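At position 2 of the sequence shown (counting the first as 1) the number is 651 in my numbering, and the numbers step up by one without a gap.
Cβ coordinates follow ideal geometry from the N, Cα and C atoms, glycine included.
Just so you know, these numbers come straight off a predicted model, no measurement behind them.
Presented below is the structure to which this report refers.
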Amino acid sequence: MTDSKRGEIWLVSLDPTLGAEMRKTCPVVVVNSDALGVLPIRLVAPLTEWKQYFTYNLWHVRVLPDSLNGLSKASAVDALRLRGVDTQRFVRKMGRVSESVMLSIVGAIAAVIEY
């Protein structure tokens, strides 16, 4: 079991999947509270390569690469594709998002669920 924490970016194996779910091994941001550690499951939001047309989507949060997050290119957190994953799928820790990016992710999740 990983000791993954809220705001960390991990490389996670998302296969097998169905339909329009994200496939492959990709980076994700852990979004659940650290206090919810009873089961070896984490709520994660996948990252994908940033596309300019994401700018007006409420569910995409832009993340620029830096030494804190370990990303190699501009990326987007996709708050519409949240999913619970077992920590056995976690491959390796890449870094973490800043507090301001985490607040933007929380805002995007709130918008998706009309909170």
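message: Using a Cβ-Cβ cutoff of less than 7 Å, which residues in the same chain neighbour GLU698 once the five nearest sequence positions on both sides are dropped?
response: LYS722, SER724
- prompt: DSSP three-state call for ILE758: helix, strand or coil?
  reply: helix
message: Does the structure place the stretch 733-746 close enough to the stretch 705-722 that three or more beta carbon pairs sit under 8 Å?
response: yes
Beta-carbon separation (whole angstroms), ALA759 vs VAL710, contact threshold 8 Å: In fact, because the Cβ distance is near 12 Å, the residues do not count as touching under 8 Å.
message: For PRO689 and ASN681, what's the separation of their Cα atoms in angstroms?
response: 12 Å
message: Taking the straight line between their C-alpha atoms, what separation do you get for VAL678 and VAL734?
response: 12 Å
- prompt: Going by beta carbon distance, what residues of the same chain come within less than 8 Å of ILE754, once the five residues before and after it are set aside?
  reply: VAL678, VAL680, ALA694, VAL710, VAL726, ALA728, VAL746
- request: Go through its chain and collect everything with a Cβ distance to LYS654's Cβ below 7 Å, but skip five positions before and after it.
  value: VAL679, ASP683
For THR695, the residue or residues it bridges with in DSSP: Before going on, a small fix: residue 695 reads as Pro here, not Thr. Bridge partners of PRO695: VAL677.
task: Return the bridge partner residues of VAL740 from the DSSP annotation.
output: Paired residues: none, contrary to the question.
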